[in-house]
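For the sequence shown, my numbering begins at 97 and goes up steadily by one. Backbone N, C-alpha and C fix where the C-beta goes; we use that ideal spot for every residue, glycine too. Predicted model, so just to flag it, every value in this text is computed and none were measured. Heads up: the structure comes next, in structure tokens.
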Amino acid sequence: ALPDVRDGLKPVHRRILYGMMELGNTSDKAYKKSARTVGDVLGKYHPHGDSSVYGALVRMAQDWVMRYPLIDGQGNFGSIDGDSPAAMRYTEARLHKIGEELAQDLYKETVDFQPNYNDEFFEPTVMPTRIPNLLVNGSSGIAVGMATNMPTHNLGEVIDATVALIEKPKMKEEQVLEYIKGPDFATGGIIVNKSELPEIYKNGAGRIRVRARVKTENGDRGKINIVVTEIPFTMIGCIDKFMDTVADLVRAKVMPDVMDIKNFSGKEGVRIVVELRKGADVEQNINLLYKKAKLEDTFGYNAVLLSGGVPYQMSLLRILTEFVDFYRETMTRKYKNLLAREKKSAEVKEGLITAVDCIDTIIEVFRGSTVVPMAKKCLMKGITGGIKFKTKRCEKIAKSFCFTELQADAILDMKLQKLIGLEMTTLIKELDKCKKNIELYGGLLSSKTKMNNKMKSDLLEIKKKYAVKRKTEIVDADAIVLKKPEIKEEKVYALVNRFGYIKLVDEGTFERNKENVSKDYRYVCEVMNTGKLYVFTRGGYVRADGQI
97 ALPDVRDGLK
107 PVHRRILYGM
117 MELGNTSDKA
127 YKKSARTVGD
137 VLGKYHPHGD
147 SSVYGALVRM
157 AQDWVMRYPL
167 IDGQGNFGSI
177 DGDSPAAMRY
187 TEARLHKIGE
197 ELAQDLYKET
207 VDFQPNYNDE
217 FFEPTVMPTR
227 IPNLLVNGSS
237 GIAVGMATNM
247 PTHNLGEVID
257 ATVALIEKPK
267 MKEEQVLEYI
277 KGPDFATGGI
287 IVNKSELPEI
297 YKNGAGRIRV
307 RARVKTENGD
317 RGKINIVVTE
327 IPFTMIGCID
337 KFMDTVADLV
347 RAKVMPDVMD
357 IKNFSGKEGV
367 RIVVELRKGA
377 DVEQNINLLY
387 KKAKLEDTFG
397 YNAVLLSGGV
407 PYQMSLLRIL
417 TEFVDFYRET
427 MTRKYKNLLA
437 REKKSAEVKE
447 GLITAVDCID
457 TIIEVFRGST
467 VVPMAKKCLM
477 KGITGGIKFK
487 TKRCEKIAKS
497 FCFTELQADA
507 ILDMKLQKLI
517 GLEMTTLIKE
527 LDKCKKNIEL
537 YGGLLSSKTK
547 MNNKMKSDLL
557 EIKKKYAVKR
567 KTEIVDADAI
577 VLKKPEIKEE
587 KVYALVNRFG
597 YIKLVDEGTF
607 ERNKENVSKD
617 YRYVCEVMNT
627 GKLYVFTRGG
637 YVRADGQI
């Protein structure tokens with residue numbers, strides 16, 4: 097239920113991404129039905145309800161939820177208004193390019209694998225991501241007695257902070273905030289408590305106040321319209337509720353200047369138009385929308401994350417440090433594995449090149465041997481016993497053989513086409529390439545500085561490919577203050593009926609119904625509407641605030 101600090105994923109999301117990789121459902125291939133992905137994930141890795149798997153898949157494809165969607169969806173995947181996605185048999189999906197970055201080195205032994213629920217397949221314990229996905233795309237989850245709620249951030253800012261931390265491992269919390277200005281929500285908006293962010297990030301918990309972005313436009317006949325173009329992240333799926341709230345405020349005469357409200361939101365973004373009466377106080381109505389209709393809301397930041405399977409409340413600096421340590425570990429494992437592969441490949445190629453130089457003798461060994469182990473023993477140790485040679489010269493050369501087991505197996509499997517001149521040239525070129533790679537990988541593993549430089553260059557390459565401008569503005573804004581309605585002082589009448597209920601009426605109403613007042617009401621008090629009326633009980637009690 098809680099995300100891992102290393103890849104920012106919960107098990108269901110990790111299994112979906114891995115399942116799509118296993119299906120070959122990548123960004124350069126055709127879309128596949130979502131139902132196929134869901135079925136594969138359910139059958140192999142996630143034995144729970146299909147709705148939970150499809151719901152997680154849909155979320156990773158919604159660009160108003162994920163700052164950088166990991167899945168590329170085709171079809172009806174819902175809307176920011178709260179519309180439900182189509183059934184999984186109707187929609188199609190494939191990995192997004194940035195989603196592939198989370199699993200790019202998955203098959204290079206960079207992370208550990210564990211058996212699935214029935215020990216039939218294996219799944220990764222964590223994705224070898226090169227992107228600080230937890231900060232970039234955020235996460236939310238509810239466990240027993242704890243919860244996580246991480247906002248999204250700007251990819252460029254997060255990578256800049258990560259690169260700086262690689263260069264200066266002893267960075268302080270406030271230095272990280274020089275790069276990461278604050279959350280960057282997919283829905284935009286304005287964060288209005290900038291000065292509180294350092295403390296929130298340091299403690300790993302706090303309230304981030306987010307305000308919608310509004311502007312005014314000229315309407316018909318001199319009217320002014322309030323237009324909402326960006327909403328708080330917490331308002332996703334609640335636009336209809338917002339419009340109902342405004343309608344209730346109009347009916348309750350809290351916002352009597354509102355004539356109409358229309359929702360024009362679509363693929364181009366959010367656009368909600370509130371039409372006002374001519375001469376209405378625009379600033380007061382905007383403030384009412386912020387205060388009464390939740391156009392300003394709080395995002396509860398709560399960084400409870402798993403590290404080594406244990407939940408911790410983490411600061412921003414610790415989150416980045418954990419990612420850098422994990423990234424360095426995956427890079428080290430990757431290049432150790434690549435170095436071993438290149439050494440093995442170089443060993444085989446050296447053996448083949450040497451074998452071609454004395455191919456006549458090797459053919460003599462093969463033709464003179466009765467079984468494969470006899471020929472292999474000769475190649476590895478120069479043991480010629482039992483092998484029939486046509487010439488003493490070949491036998492003498494065979495006794496000097498000392499190929500490794502790997503080379504001997506490769507020679508035994510060698511095709512005659514390797515004897516062609518062009519094939520030999522290719523072998524030599526491949527051997528030279530292997531030696532260069534061995535030098536490169538060995539240098540990275542032996543030098544922390546070189547490894548750091550490689551990590552930084554890879555991160556900056558990702559930034560160049562995917563980084564976009566920030567959507568959310570961060571400021572320190574004053575609290576919303578509503579103007580008190582001006583009350584015109586006038587004479588009114590307080591009427592008390594025989595049941596003790598009090599009714600206030602204006603002077604005109606009183607004069608029109610003066611004849612019936614004495615019949616229906618026991619007491620009549622002439623008062624000013626700006627004053628206070630104290631009503632005593634028979635026991636001598638009265639409300640101290642003067643309210644009735």
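Please tell me whether residue i and residue j are closer than 8 angstroms, where the distance is taken between their beta carbons.
i, j, result
"A183", "D168", "no"
"V154", "L138", "no"
"A243", "G252", "no"
"A189", "M117", "no"
"N321", "L391", "no"
"G482", "T466", "yes"
"K544", "I262", "no"
"V613", "V620", "yes"
"D572", "K290", "yes"
"L448", "I516", "no"
"L402", "P99", "yes"
"L541", "K432", "yes"
"Q503", "V444", "yes"
"V101", "E418", "yes"
"K492", "G478", "no"
"M427", "M547", "yes"
"G464", "K484", "yes"
"F209", "K140", "no"
"S235", "L191", "no"
"T187", "L555", "no"
"V342", "A389", "yes"
"D177", "D336", "yes"
Let's see if you can read the secondary structure: which residues bound the beta strand (DSSP E) around residue i?
i, result
"N398", "392 to 398"
"R594", "That residue, R594, is in no beta strand (DSSP E); it is neither H nor E in DSSP."
"V620", "617 to 624"
"S236", "235 to 238"
"G169", "167 to 170"
"N214", "Counting along the chain, N214 falls outside any beta strand (DSSP E), and DSSP gives it neither H nor E."
"V366", "No beta strand (DSSP E) holds V366; DSSP gives it neither H nor E."
"P99", "Here P99 belongs to no beta strand (DSSP E), and DSSP marks it neither H nor E."
"Y114", "Not the beta strand (DSSP E): Y114 falls in the alpha helix (DSSP H), residues 107 to 118."
Which whole-angstrom value is the C-beta distance of residue i and residue j, which I expect to be below 8 angstroms?
i, j, result
"N233", "Y164", "6 angstroms"
"E205", "R367", "Wrong, their Cβ atoms sit about 50 angstroms apart, outside the cutoff."
"G195", "L166", "4 angstroms"
"I276", "L119", "Actually they are not in contact, since the Cβ atoms of I276 and L119 sit about 35 angstroms apart, beyond 8 angstroms."
"L578", "K349", "Between K349 and L578 the Cβ distance is about 14 angstroms, and since that is not below 8 angstroms, they are no contact."
"L591", "Y630", "16 angstroms between Cβ atoms; not a contact."
"E295", "I558", "No, E295 and I558 are not in contact; Cβ-Cβ is about 30 angstroms, not under 8 angstroms."
"C530", "A471", "With a Cβ gap of about 26 angstroms, C530 and A471 do not count as contacting."
"F360", "V369", "6 angstroms"
"V161", "I332", "7 angstroms"
"T133", "G151", "Contact doesn't hold; Cβ gap of about 13 angstroms is too wide."
In the DSSP assignment, the alpha helix (DSSP H) including residue i goes from what residue to what residue?
i, result
"R347", "335 to 347"
"D146", "146 to 155"
"R190", "Counting along the chain, R190 falls outside any alpha helix (DSSP H), though it belongs to the beta strand (DSSP E) covering 188 to 191."
"F209", "Not the alpha helix (DSSP H): F209 falls in the beta strand (DSSP E), residues 209 to 211."
"Q380", "378 to 388"
"I327", "No alpha helix (DSSP H) holds I327; DSSP gives it neither H nor E."
"G673", "Missing from the structure shown is residue 673; the chain here goes from 97 to 644 and no further."
"T605", "603 to 608"
"D356", "Here D356 belongs to no alpha helix (DSSP H); instead the beta strand (DSSP E) covers 354 to 359."
"Y562", "544 to 562"
"A182", "Neither: A182 is in no alpha helix (DSSP H) and is coded neither H nor E."
Using 7 angstroms as the cut-off, classify the Cβ of residue i as near or not near the heavy atoms of the ligand COA, replying yes or no.
i, result
"A257", "The ligand COA is absent from the structure shown, which contains no ligands of any kind."
Enumerate, from N- to C-terminal direction, the unbroken alpha helix (DSSP H) stretches of 4 or more residues contained entirely within the segment 444 to 525. 455 to 464, 468 to 477, 488 to 494, 501 to 509
Per the contact definition of three or more C-beta pairs closer than 8 angstroms, is the segment 103 to 112 in contact with the segment 213 to 228? yes
If contact is defined by three or more beta carbon pairs under 8 angstroms, each pair taking one atom from either stretch, is the segment 345 to 362 in contact with the segment 376 to 387? yes
Assess contact between the segment 561 to 575 and the segment 277 to 294, defined as three or more Cβ pairs (one per stretch) separated by less than 8 angstroms. Is contact present? yes
Could you say if the segment 393 to 400 and the segment 302 to 314 meet the contact criterion of at least three C-beta pairs nearer than 8 angstroms? yes
Quick check: the segment 528 to 537 against the segment 424 to 438, are there 3 or more CB pairs under 8 angstroms? yes
Between the segment 325 to 333 and the segment 605 to 623, can you find at least three pairs of beta-carbon atoms closer than 8 angstroms? no
Jot down the residue ranges of each uninterrupted alpha helix (DSSP H) in the segment 270 to 325, minimum 4 residues, whole runs only, in chain order. 293 to 299
The segment 208 to 216 contacting the segment 517 to 527, beta-carbon criterion three pairs below 8 angstroms: no
Counting Cβ pairs closer than 8 angstroms, one from the segment 307 to 319 and one from the segment 283 to 291, do we hit at least three? yes
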